[in-house]
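Be aware that the sequence shown starts at -19, since it is given in my numbering, and climbs by one per residue.
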Amino acid sequence: KSRVLDEKIQPWMKKTTYLTNDQSRSVHAFTSLAETKKKTATEVEKKLKKSTEKLSDVQVIDGGFARAARTETAALRHPTKKDVRPVL
């Protein structure tokens, strides 16, 4: 008597489309690829907008210029062109 034939669902007969999703959920609860891409695009757009707002903040930009003004320019050297000096 075969143990494999006694199993209700043989593992090699499962649909591979459902293997990557949560097996405890119903098949009909899975989202389509289009919905998943749309959700991901929305999340990426929100994160991009947040980071863009953060980087374009006037205080951050002014802080970068202030840091550059405090930097000793004589100590800065170009890695390959030894005669190039920074100008602020």
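Glycine included, C-beta positions come from ideal geometry on N, C-alpha and C.
Non-local beta-carbon contacts of residue 45 in its own chain, meaning distances under 7 Å to residues more than five positions away in sequence, are absent. Looking at the backbone, the Cα of residue 61 and that of residue 51 are separated by about 20 Å. Here the C-alpha atom of residue 26 lies approximately 10 Å from the C-alpha atom of residue 20. In this structure, DSSP gives residue 67 a state outside helix and strand, which the three-state scheme calls coil.
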